[in-house]
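Protein chains in written order, with the numbering used here: chain A, 1 to 630; chain B, 1 to 119; chain C, 1 to 174.
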């Protein structure tokens with residue numbers, strides 16, 4: 001198995017090198033015959049997919065002669081997790097990266113030819129993309145080869161890390177990689193566009209779909225990660241501003257900005273160089289994120305085995321890519337804008353989106369990397385945690401939401417009046433809703449109030465548009481869904497934050513505690529053995545004092561054996577209006593157990609909102625056929 | 001009708017507030033303290049032995065009447081600034097706190113001017 | 001010309017970042033509390049393990065004090081124990097060894113000392129671990145060397161190694 005895997009990797013390497021030579025050849029000749037490249041491209045993609053499938057096979061059959069399988073799998077592992085272990089480790093995930101790099105190259109090559117894009121442009125994209133492939137392939141073969149052999153073959157594997165055996169965690173990397181790695185294609189396209197001095201609008205048309213697709217997958221990937229953290233990590237949070245989470249968020253901001261600036265580029269042929277910069281930045285941020293996560297430079301909940309030599313490799317790759325970008329950009333940049341635009345126009349407001357997105361991106365980048373810089377330069381250790389990010393970012397939700405509501409009603413070119421009559425109506429409605437919330441539930445902070453008003457403003461605006469569409473079949477845009485999803489997300493996060501309750505107390509089995517709306521009885525403790533761990537299960541009866549409804553909860557303390565770990569499993573009751581979240585941990589040297597009980601409103605709707613955002617992104621590909629949706 | 005609701009709400013407030021206030025304050029403080037033996041979690045989110053001890057110490061300090069800032073000062077004087085999740089503002093962190101705003105301003109000026117230039 | 005300047009500026013910024021990141025790869029990221037060095041230890045009070053009365057700052061009457069936080073349930077504490085015995089013997093006159101028994105049970109602590117030997121002049125107990133927080137302890141074993149003015153000279157996190165005992169001796173001889 002290891003041997004055949006390596007064979008296909010080498011085939012991939014050879015075809016990549018040949019593609020590089022052939023593309024250069026065709027560029028020089030200026031008479032593009034795609035026959036050879038077509039063949040090579042097909043061989044390349046087949047070879048790399050085969051090698052990945054071979055790795056998966058090795059996991060399925062538990063072939064422990066392959067070091068990667070030995071380190072990351074175990075015969076007792078359920079089949080689904082054996083398969084997902086293939087990409088859940090450094091070497092395997094790198095192989096997946098390369099698969100996606102090549103896959104996107106392949107897709108681009110085919111579709112660009114079908115769309116009759118300029119030959120020189122296609123060839124240069126292929127060239128740049130394959131340079132990236134080559135660099136990563138060399139990295140894999142030299143330092144991170146999943147197909148290294150172990151002789152003699154061990155009988156059993158090492159890898160039964162319980163935390164990694166979870167469905168959301170299994171699909172979260174592939175989803176994210178389609179985002180991260182997919183952005184490579186418009187990185188290469190940006191370089192190619194500069195080199196071939198492509199018609200600017202053409203650039204937007206060429207990469208538009210890729211941007212939305214990668215953005216879609218990135219959104220879903222982040223969602224899957226948050227859901228996993230919420231259900232698995234046992235603290236009731238879904239976002240921790242953890243360096244690995246931040247690494248996936250930064251490209252998301254860049255994709256967001258890029259998608260918006262491409263809209264202007266396509267319509268008005270301006271913001272070309274800025275779009276190029278964004279396209280370059282997205283993939284560079286992905287590689288930076290990979291570097292931060294895998295080099296061991298940062299402390300994080302995510303545990304890729306960290307290795308400074310890998311870090312060095314990735315740093316070199318990153319540096320090379322940045323150098324290429326700078327070199328190509330400055331060689332071919334030309335200033336020649338012509339614009340008869342007005343400040344109060346759609347195109348300027350889309351630029352404001354970019355402005356805010358870059359700000360958010362900067363906050364996350366600075367927050368994540370500042371401790372590293374400070375330690376190297378001044379030998380000081382500090383932590384930058386959620387309070388930093390929340391302080392800087394949360395207030396900007398207000399202008400974001402309000403401007404989104406105004407901008408979508410603006411026309412191109414013109415000197416628009418910003419506030420339409422409807423806007424005032426939405427604002428008034430929002431105020432009313434806020435007052436109702438304040439009266440019926442409880443007082444909320446001033447900042448939260450303003451955020452709620454802004455969120456409702458955008459919600460009403462988009463709901464109104466959808467209602468108009470349903471009545472008159474007038475044009476509905478895909479962004480109405482995404483923007484609505486975004487506004488709902490902010491709303492539900494705000495409600496969740498303001499109205500969540502957390503109670504901490506210590507109990508022994510048999511005891512009861514009385515809280516404001518709930519009564520919790522620690523009925524008893526059971527100890528059992530399961531497949532690959534021992535578990536202490538707490539039986540709790542929780543009664544809602546208002547409704548009288550009762551439910552049993554079973555939080556767990558699990559002791560795994562290989563490797564030796566303790567995990568705390570929350571029991572979560574997901575309901576439509578709120579989640580009830582119960583965790584139990586033992587107090588050392590004591591009969592008591594430390595219990596944390598949380599009531600968290602609207603959790604389900606937080607997930608639904610993100611899903612709605614993602615749906616909006618992808619809807620542009622599907623809704624064209626049904627009525628007038630654009 | 002709304003009167004009744006208001007009265008009920010106020011009642012719940014007064015029963016609940018003492019219990020909740022205590023919880024809120026302790027947790028508020030703990031959310032800003034890093035669990036040193038964990039991977040980036042706050043004390044509030046951690047089950048570790050260290051977290052349990054710190055929680056107890058913080059509860060004591062709150063009972064003694066210390067303010068949030070005093071508790072943070074106490075912990076950072078013993079464990080270093082690393083234990084605080086919200087970086088304190090000192091000569092080492094001015095850049096951290098101000099750079100994003102500086103960049104925002106610079107970028108805003110660049111965008112505005114280049115947009116106007118084109119007109 | 002202006003573009004050349006822009007290019008150089010950006011290249012330098014990138015070069016700077018990459019260099020810092022390169023060095024960061026080799027920097028030690030484990031937590032340490034060296035910020036405590038040269039600070040005074042707090043006013044403390046611990047009950048004694050086997051005697052009545054308390055141990056306080058004014059009990060530290062030698063030129064140096066070595067405060068060692070340990071427990072019977074801590075495996076690395078067993079490993080560093082021999083170094084503590086060795087330090088007691090070679091530095092008897094100059095250094096007072098204060099052991100703080102951390103989150104432990106008295107019988108277990110006494111068993112530990114009976115079996116492995118007692119290197120301490122005084123043994124204090126900190127059953128809930130809260131007193132140790134005042135010393136910046138987060139996990140044992142940890143050891144602090146203070147001078148007669150109760151200023152922290154050295155702080156060790158983790159079991160003492162032979163190198164550490166040499167460092168201690170050198171510091172004392174300065």
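Glycine residues also receive a C-beta, built at the ideal position from the N, C-alpha and C atoms.
Item                                                                                                                                                                                                                    : Value
Can you name, in chain order, every residue of its own chain whose Cβ lies under 8 angstroms from the Cβ of residue 66/A, other than the five neighbours on each side?                                                  : 1, 2, 5, 55, 58, 146, 147, 148, 149 and 150
Compile a chain-ordered list of the residues in the stretch 354–371 of chain A whose CB is closer than 7 angstroms to at least one CB of chain C.                                                                       : none
Using the C-alpha atoms, what's the distance from residue 9/C back to residue 96/C?                                                                                                                                     : 58 angstroms
So with Cβ pairs under 8 angstroms, would you call residue 682/A a contact of chain C?                                                                                                                                  : The shown model of chain A, from 1 to 630, leaves out residue 682/A, and the question about it has no answer.
Just to confirm the assignment, what range does the beta strand (DSSP E) spanning residue 530/A have?                                                                                                                   : 518–530
Which residues in chain B sit within 8 angstroms of residue 138/C, going by Cβ to Cβ distance?                                                                                                                          : 36, 37, 50 and 79
Per the contact definition of three or more C-beta pairs closer than 8 angstroms, is the stretch 83–100 of chain C in contact with the stretch 570–584 of chain A?                                                      : no
Taking Cβ-Cβ distances below 7 angstroms as the criterion, which residues of the stretch 85–101 of chain B are in contact with chain A?                                                                                 : 85, 86, 87, 92, 93, 96, 99 and 100
Less than 8 angstroms between the C-beta atoms of residue 40/C and residue 150/C, yes or no?                                                                                                                            : yes
Quick check: the Cα distance between residue 206/A and residue 15/A, rounded to an integer number of angstroms?                                                                                                         : 25 angstroms
Using a Cβ-Cβ cut-off of less than 7 angstroms, list which residues of the stretch 477–504 of chain A approach chain C; keep chain order.                                                                               : none
By the three-class DSSP mapping on this structure, what secondary structure does residue 122/C have?                                                                                                                    : strand
If you count every other CB in all the chains shown that lies within 10 Å of the CB of residue 467/A, and 16 or more means buried, which is it?                                                                         : exposed
Give the residues of chain B in contact with residue 104/C, contact being defined as C-beta atoms less than 7 angstroms apart.                                                                                          : Neighbours of residue 104/C on chain B: none; closest Cβ ~13 angstroms, over 7 angstroms.
Determine the direct distance from the alpha carbon of residue 92/C to that of residue 520/A, and round the result to whole angstroms.                                                                                  : 57 angstroms
Of all the CB atoms in chain B, is at least one closer than 8 angstroms to the CB of residue 555/A?                                                                                                                     : no
Please list, in chain order, the chain B residues whose beta carbon lies closer than 8 angstroms to that of residue 130/C.                                                                                              : 53, 56, 57 and 60
I'd like to confirm the pairing. Which residues does DSSP put opposite residue 560/A in its beta bridges?                                                                                                               : 533/A and 565/A
Output, in chain order, the set of chain B residues within a Cβ distance shorter than 8 angstroms of residue 381/A.                                                                                                     : 80, 81 and 82
For the stretch 575–586 of chain A, which residues have a beta carbon sitting closer than 7 angstroms to at least one beta carbon of chain B?                                                                           : 585
Residue 528/A to residue 54/C, Cα distance in whole Å?                                                                                                                                                                  : 45 angstroms
Please check the pair residue 540/A and residue 523/A, which I expect to be a contact at CB under 8 angstroms, by giving their CB distance rounded to whole angstroms.                                                  : 7 angstroms
Against residue 376/A, what residues of chain C qualify as contacts under a CB-to-CB distance less than 7 angstroms, listed in chain order?                                                                             : 20, 23, 24 and 27
Would you mind working out which of 289/A, 534/A, 503/A and 538/A sits nearest residue 597/A, comparing C-alpha positions?                                                                                              : 503/A
Measure from the C-beta of residue 146/C to each C-beta in chain B and report whether the shortest distance is under 8 angstroms.                                                                                       : no
Check residue 32/A in the structure and name its three-state DSSP category.                                                                                                                                             : coil
If we define contact as Cβ-Cβ less than 8 angstroms, is residue 391/A a contact residue for chain C?                                                                                                                    : no
Spatial neighbours of residue 642/A within its chain, please: C-beta separation below 7 angstroms, excluding the five flanking residues on both sides.                                                                  : This structure gives no information on residue 642/A, because the portion of chain A shown stretches from 1 to 630.
Got a sec: which bits of the stretch 3–17 of chain C sit with their beta carbon under 9 angstroms from any beta carbon on chain A, in order along the chain?                                                            : 3, 4, 6, 7, 10, 11, 14, 15 and 17
Quick one: measure Cβ to Cβ for residue 609/A and residue 488/A, integer angstroms, because I've assumed they're closer than 8 angstroms.                                                                               : 4 angstroms
Looking only at its chain, what residues have a beta carbon closer than 7 angstroms to the beta carbon of residue 37/B, apart from the 5 residues adjacent to it on each side?                                          : 48 and 50
Count the other CB atoms, across all protein chains shown, that sit within 10 Å of the CB of residue 110/B; report buried if there are 16 or more and exposed otherwise.                                                : exposed
Taking Cβ positions, are residue 378/A and residue 87/B nearer each other than 8 angstroms?                                                                                                                             : no
Could you check whether the stretch 349–362 of chain A touches the stretch 235–253 of chain A, counting it as contact only if at least three pairs of C-beta atoms, one from each stretch, sit closer than 8 angstroms? : yes
Determine contact between the stretch 128–145 of chain A and the stretch 77–87 of chain A, defined as no fewer than three beta-carbon pairs at a distance below 8 angstroms.                                            : no
What is the DSSP secondary structure of residue 146/C, reduced to helix, strand or coil?                                                                                                                                : strand
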